[in-house]
Every structure is written in structure tokens, then in C-alpha cells.
């Protein structure tokens, strides 16, 4: 289960990383965010939609 402080702080309008930026819970959230960002950075990117379609025809 979630730590009760997460619910209390979120209900109060302050996320844990804002309410207690140096706290253990904020540290855990930042660690999760870093790991997620690292995994996302390894995913291949599809840029095919950004390039125009090139058509070659014999005239």
C-alpha cells in the first residue's frame, strides 16, 4: 500500500516531491523517474512521419 503521506499530501494539493523534496519518498519518486527516462531514451524513434514523401517518376 501507499504511504499515508502520499495521500495526505496529494489531497492537500502538494505532491510529495514538493511537500518534502528532501524526504525518502521524494527520493524514491525521483529514482523511478530517472529509471523511466533512461528506459525511454533507449527506445527507437520513428521519424518517418516528419519527412516528406518523395516520389520519383519518369517523364
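In this note's numbering, the protein residues as written are 813 to 871. Cβ coordinates follow ideal geometry from the N, Cα and C atoms, glycine included.
- In the structure shown, the three-state DSSP call for residue 869 is coil.
- If you draw a straight line from the Cα of residue 845 to the Cα of residue 858, it comes to about 23 Å.
- DSSP, reduced to helix, strand and coil, places residue 822 within a helical segment of the structure shown.
- Taking the CA atoms as reference points, residue 855 sits about 11 Å from residue 848.
- Non-local beta-carbon contacts of residue 829 in its own chain, meaning distances under 6 Å to residues more than five positions away in sequence, involve 838 and 841 in chain order.
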